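> If you use the numbering used here, the first sequence corresponds to residues 173 to 290, in order.
Sending over a structure as structure tokens; questions will come in a sec.
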Amino acid sequence: MATLTKRADFLAAARAGRAGTPGFLLQARKRRPDEADPTMVRVGFTCSKKVGNAVARNRAKRRLRAIAREVLPALGQPGWDYVLIGKSGVTAERPFVALHDDLLQALARVHAARRGPQ
RNA sequence: GCGGAUGGCUGGAUGGCCGCGGUCCCGGUGUAAUGCCGGGGACGAGGAAAGUCCGGACUCCCUGAGGCAACGGUGCCGGGUAACGCCCGGGCGGGGCAACCCGACGGAAAGCGCCACAGAGAACAGACCGCCCUUCGAGGUUCGCGCUGCGGACCUGCGAGGGGUAAGGGUGAAACGGUGGGGUAAGAGCCCACCGCAGAGGCGGCAACGUCUCUGGCAUGGCAAGCCCCACCGGGAGCAAUGCCGAAUAGGACCUCCGCGGGGCAUGUCCCCGGGGCCGCUUCAGCCCCAGGCAGGUCGGGUAGGCAGCUGGAGCCCGCCGGCAACGGCGGGCCGAGAGGAAUGGUCAUCCAGGGAAGAACGGCCGCAGGGCCGGACUUCCCGGACAGAAUCCGGCUUACAGGCCGUCCGCGCAA
């Protein structure tokens, strides 16, 4: 599992599928085969200043990282990019198990939406 | 005990499970380069890491040196410091009973400008009311005389004119010193005492300044946070600075190689023929262009990316010495984050502070009493961690901050 570092990757994920949850917003896309290593799951995190001051943003990002580490190695699909976006207030405050379930449901929706039309 | 002032420290603890960052060691593997994977060791946010407001270090750019001008900043004195707009000590002014706190605190006899409103008068001051003197008139009292009147003296809640006056009233942020006495028609530094002020001198202090004596009757209104003057300081941009390495692709330069256009049919290792320019004409030769590449190589710039800068420093701790202190000196010991979409955590449990609710032994007060009110060891349950996250590094300032701990001092009350 790698971390996204390029702005372009974030923008590409934003244009593709998305799924809102009470705790955060998930964006995801399947990469084209000629991009990065197709066996890899990549993930990025975004917490804008709307989330709060530096302490609040960092805490939100750390909690998003924690659930990503628990969930994505098993349920993330190879060749996909995932971006988790923090929400003001709730991402840092919501119970951890609820945040965990949010990601499970959001992943299911994002994957289903991608397969559906095909 | 109550109330207050001030200095310093601290900024939850322990454990389980799962993780992150650089670094060192071991093993494996790989790139143009940095690396990557597995295992292990120690280490890994703050007092403000914040605001980015001052001062520096360090880089690059500009500049021959100095001076002057402009612009910006600082502004009582002395000391500390690499430096500062910071810190310490002192002076002066203001507030407070006091501990203590606050202060853009140089210059207004260099010049310009401004001083609204109110008020009579506001910067070469000023006469509104009031007070005083005086002339005339009016009225009155009284005296005298030559007595339908005339004259003198005095008086006035009266009128008009002339003059004096800055004590009093009133206006204002401010009215050409203040208080008291003498003096005067009334007044006035007109005179005197004290205070203030100015000048000179003595003494104390490095100085800011303080103090004493003498002299002067008082000049020099305020605003410099309007311009200004004086003294001192200051070149600009910033670690996304700056230096180095450097793919792929495109483009550039050079070298080598191949090749260029038209036509024929027998389609080949074939044959025939070039045009334009240098050159006005002809021939030959040369060079250039029409006219290139799908090739190979070399080189330089440079993008992605990587490396350095990057953490050993005006460093931290302890002791001794000097200094009222800020701080300095000496000796010994220590190494304490280094990321780059950015680590230093996620989660659970228990505990310690703290808050709330319920119960409650017991104690106090009120009441004849039933009872009511207040405090409350202890028990149970619930809530529950302030402000805030390094980004080149230091010294400050400012701002934010739940709670806790330690010290010193002041006022009041009580006791001895």
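A virtual CB, placed ideally from N, CA and C, is assigned to each residue, including glycine.
Given the structure is predicted, the values throughout are model-derived calculations rather than measurements.
Distance check for T177 and A186, CA to CA, integer angstroms please.
Rounded to the nearest angstrom, the two C-alpha atoms are 14 Å apart.
> My output table needs one value for L256: the three-state DSSP class, helix, strand or coil.
Three-state result, L256: strand.
> Along the chain, where does the beta strand (DSSP E) that runs through K202 open and close?
Counting along the chain, the beta strand (DSSP E) containing K202 begins and ends at F196 to K202.
> Here's the rule I'm using: 16 or more other beta-carbon atoms within 10 Å means buried, otherwise exposed. How should K259 be labelled?
Answer is buried; the Cβ neighbour count reaches 16.
> I need the DSSP call for V211, collapsed to helix, strand or coil.
The sequence shown places Thr at residue 211, not Val. Coil.
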